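For reference, the structure discussed in these notes is given below.
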Amino acid sequence: MNKNLYDVIIIGAGVIGASIARYLSRYNLRCLILEKHNDVGEETTNANSAIVHSGYDPMPGTKKAYFNVRGNKMMPQVCKELDVPFYKIGSLTVAFTNEDVETLNELMIRAQKNGVDAKIIDKDELLKIEPNINPEAKKAILCKDAGIISPFNLCVNLVENAMDNGVELGLNEEVINITRDDKNFKVFTKNNHIFDSKVIVNASGLQSDTVAKLLDADNFKVLPRKGEYYVLDHFDASWVNHTLFMCPTKVGKGVLISPTTSFNYIIGPTNEECDKYDTSTEAEILASLKESAKKLVPNIPFDQNIRQFSGIRANSSTGDFIIEESQVAPNFYNLGAIMSPGLASSVAIGEYVSDLIKEKLSLSTNEKYNPTIRKHFKLSTLSLEEYNKLIKKDPRYGHIICRCEKVSEGEIVDAIHRNCGATTVKGIKKRIRPGFGKCQGTFCEEEVIKILSRELGKKIEEICYSDLGTEIMKYNVKGINYDK
Numbered sequence: 163m164n165k166n167l168y169d170v171i172i173i174g175a176g177v178i179g180a181s182i183a184r185y186l187s188r189y190n191l192r193c194l195i196l197e198k199h200n201d202v203g204e205e206t207t208n209a210n211s212a213i214v215h216s217g218y219d220p221m222p223g224t225k226k227a228y229f230n231v232r233g234n235k236m237m238p239q240v241c242k243e244l245d246v247p248f249y250k251i252g253s254l255t256v257a258f259t260n261e262d263v264e265t266l267n268e269l270m271i272r273a274q275k276n277g278v279d280a281k282i283i284d285k286d287e288l289l290k291i292e293p294n295i296n297p298e299a300k301k302a303i304l305c306k307d308a309g310i311i312s313p314f315n316l317c318v319n320l321v322e323n324a325m326d327n328g329v330e331l332g333l334n335e336e337v338i339n340i341t342r343d344d345k346n347f348k349v350f351t352k353n354n355h356i357f358d359s360k361v362i363v364n365a366s367g368l369q370s371d372t373v374a375k376l377l378d379a380d381n382f383k384v385l386p387r388k389g390e391y392y393v394l395d396h397f398d399a400s401w402v403n404h405t406l407f408m409c410p411t412k413v414g415k416g417v418l419i420s421p422t423t424s425f426n427y428i429i430g431p432t433n434e435e436c437d438k439y440d441t442s443t444e445a446e447i448l449a450s451l452k453e454s455a456k457k458l459v460p461n462i463p464f465d466q467n468i469r470q471f472s473g474i475r476a477n478s479s480t481g482d483f484i485i486e487e488s489q490v491a492p493n494f495y496n497l498g499a500i501m502s503p504g505l506a507s508s509v510a511i512g513e514y515v516s517d518l519i520k521e522k523l524s525l526s527t528n529e530k531y532n533p534t535i536r537k538h539f540k541l542s543t544l545s546l547e548e549y550n551k552l553i554k555k556d557p558r559y560g561h562i563i564c565r566c567e568k569v570s571e572g573e574i575v576d577a578i579h580r581n582c583g584a585t586t587v588k589g590i591k592k593r594i595r596p597g598f599g600k601c602q603g604t605f606c607e608e609e610v611i612k613i614l615s616r617e618l619g620k621k622i623e624e625i626c627y628s629d630l631g632t633e634i635m636k637y638n639v640k641g642i643n644y645d646k
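Heads up: the sequence shown begins at 163 in the numbering used here, then just goes up one per residue.
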């Protein structure tokens with residue numbers, strides 16, 4: 163008997179791999195997630211529009227349409243179970259020309275076929291619910307079920323819940339080869355580790371075509387597209403109330419303006435061909451993004467801009483999600499090119515793939531499965547009385563580390579010591595937001611490093627910003643005692 167044999171190995175800990183792991187943990191099995199980075203959710207999941215699309219846009223009959231609509235319906239309950247910020251604020255897709263109005267009519271037909279609650283509103287109603295929108299707008303599609311989410315928290319909390327229920331996580335384990343004998347697979351990583359498994363799930367995002375070629379025929383190709391964004395500070399809670407979209411084109415959904423779950427605003431994305439590792443931003447591209455966004459809302463306060471970033475999405479040569487068992491390597495599942503609306507679809511994809519594997523392996527139900535995680539103490543949601551009680555119980559919650567985002571030492575310590583806990587500056591930033599505010603970590607980053615060093619029992623020089631090799635502190639300057 164092979165004691166090192168797993169039932170399932172999932173390659174990739176983005177939101178798709180995380181979701182599959184969480185739903186597989188409903189069953190009795192040995193499951194391992196292999197992730198090449200030093201944390202989960204470090205690529206496409208880390209940099210996107212953070213939108214839960216309603217599902218009016220995908221072509222009826224596609225995998226995109228099915229999983230988007232199903233995922234949208236599942237998301238409120240999943241986020242409640244996993245303590246993930248999610249707000250169903252609705253979306254508006256805005257027409258400015260007669261041609262745009264024709265596009266809205268076509269999209270309404272898709273919405274009806276996809277079973278999405280949508281309606282076209284006229285200019286007067288549009289300006290009533292969004293006073294800052296361009297008055298040249300003619301009409302808009304209103305989809306009340308669209309929402310905004312924290313993609314970082316969704317991914318991390320999916321993995322945390324999976325680990326709470328028995329799934330294992332291997333970070334810094336880049337898969338370089340896969341072989342197969344008559345029954346099982348052998349997975350080889352860059353660290354010279356070898357893992358055996360009955361089933362492999364390829365959820366490696368931008369690298370999904372590369373991983374597929376290790377065993378499978380060359381039947382799809384990832385075509386990466388880069389989107390650049392602006393992030394505005396949380397300056398006015400009522401400046402924009404819905405997610406605002408331009409009318410989509412054949413190239414993509416176009417520019418959006420949207421609130422975020424942290425009460426910032428996001429503007430973007432652009433749509434550029436790129437390689438799989440190019441997350442740079444360009445002044446010329448960002449300047450064109452400004453002009454495009456002003457067509458939606460003319461009075462954008464770009465003086466409130468606190469950051470620009472880019473993310474890469476894994477578009478597909480097939481034009482649709484790749485969700486299938488390999489025809490040449492049974493028990494090898496390809497989850498490839500999960501482009502937009504991949505975030506909205508993620509939980510539905512996780513449920514679907516886990517059910518396929520359950521039937522394949524005849525898995526029994528995990529009677530101890532718990533769909534919830536331990537709740538986070540979020541200071542912004544507590545009353546003064548509740549906050550004072552918490553501080554009396556643990557004074558670290560009264561020690562504010564990040565003034566911009568109001569994050570305490572207690573929250574940072576909690577984020578470190580959970581399953582799938584943070585071990586890096588970026589890991590803390592993604593989970594509870596110190597460094598995401600106006601000063602972008604100028605005042606709090608050193609304190610975060612000190613807390614990580616203390617709680618992880620590492621030297622200050624060993625704490626990384628993100629991946630291994632990104633250590634921030636090189637020397638102990640002037641004999642400072644960072645243990646205090």
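Backbone N, C-alpha and C define an ideal beta-carbon position, used for all residues, glycine too. Please read these numbers as outputs of a predicted model, since none were measured by experiment.
- In terms of Cα proximity to aspartate 286, the closest of Val278, Ile295, Asp279 and Val318 is Ile295.
- Within its own chain, the residues whose Cβ lies closer than 6 Å to the Cβ of valine 515, once the five positions on either side in sequence are excluded, are Ile182, listed in chain order.
- In the three-state DSSP reduction, phenylalanine 314 falls in the helix class (H, G or I).
- Aspartate 219 has its alpha-carbon roughly 21 Å from the corresponding atom of serine 454.
- The three-state secondary structure of leucine 630, taken from DSSP, is coil.
- Residue state for lysine 348 is assigned as strand, using DSSP reduced to three classes.
- Only buried fits leucine 394, as 16 or more other CB atoms lie within 10 angstroms of its CB.
- Our two residues, threonine 422 and isoleucine 310, have alpha carbons roughly 6 Å apart in a direct line.
- Bridge pairing for arginine 469: Val393 [DSSP].
- For alanine 302, no alpha helix (DSSP H) segment is defined; the enclosing uninterrupted segment is the beta strand (DSSP E) at 301 to 305.
- In the assembly as shown, threonine 543 is an exposed residue. Its beta-carbon has fewer than 16 other beta-carbons within 10 Å.
- Each residue's CA atom was taken as its position, placing asparagine 532 and asparagine 327 some 7 Å apart.
- One thing to note: isoleucine 613 has its Cβ within 8 Å of the Cβ of valine 575.
- Using a Cβ distance threshold of 8 Å, leucine 523 and valine 361 count as a contacting pair.
- About 27 Å separates the beta carbon of asparagine 260 from that of alanine 227, a gap too long to meet the 8 Å contact definition.
- Here alanine 302 is not near valine 214, since their CB atoms are 8 Å or more apart.
- Sequence-distant Cβ neighbours of valine 256 in its own chain, meaning closer than 6 Å and more than five residues away, are Ala299 and Ala302.
- The closest CA to that of glutamine 466, considering only Leu196, Cys601 and Ser211, is found on Cys601.
- Burial is judged here by how many other beta carbons sit within 10 angstroms of a residue's own beta carbon; glycine 619 has fewer than 16 and is exposed.
- Secondary structure of alanine 257 (DSSP, three-state): strand.
- With respect to the 8 Å criterion, valine 177 and cysteine 582 are not classified as neighbours on the basis of their beta carbons.
- Between the alpha carbons of histidine 538 and glutamate 573 lies a gap of roughly 8 Å.
- Within the DSSP secondary-structure output, proline 421 pairs in a beta bridge with Tyr427.
- Straight-line spacing of the CA atoms in serine 570 and valine 373 works out to 41 Å.
- Between isoleucine 511 and phenylalanine 229 the beta-carbon gap is near 5 Å, inside 8 Å, which marks them as a contact.
- Contact fails between the region 431 to 443 and the region 350 to 364, because fewer than three Cβ pairs, one in each stretch, are under 8 Å apart.
- Residue environment: proline 503 is assigned as buried (16 or more neighbouring CB atoms within 10 Å of its CB, all protein chains considered).
- Judged by pairs of C-beta atoms under 8 Å, the region 470 to 480 does not touch the region 347 to 357, as fewer than three such pairs exist.
- Pairing isoleucine 429 with leucine 451 gives a Cβ-Cβ distance under 8 Å.
- For asparagine 461, the closest of Ala491, Lys198 and Pro297 by C-alpha to C-alpha distance is Pro297.
- Here asparagine 267 is exposed: its Cβ has fewer than 16 other Cβ atoms, across all protein chains shown, within 10 Å.
- Apart from sequence neighbours up to five positions away, the residues of its chain that approach asparagine 493 with a beta-carbon distance below 6 Å are Val361, ordered along the chain.
- Leucine 196 sits close to valine 337, with the two beta carbons spaced by under 8 Å.
- When DSSP states are grouped into helix, strand and coil, asparagine 532 belongs to the coil group.
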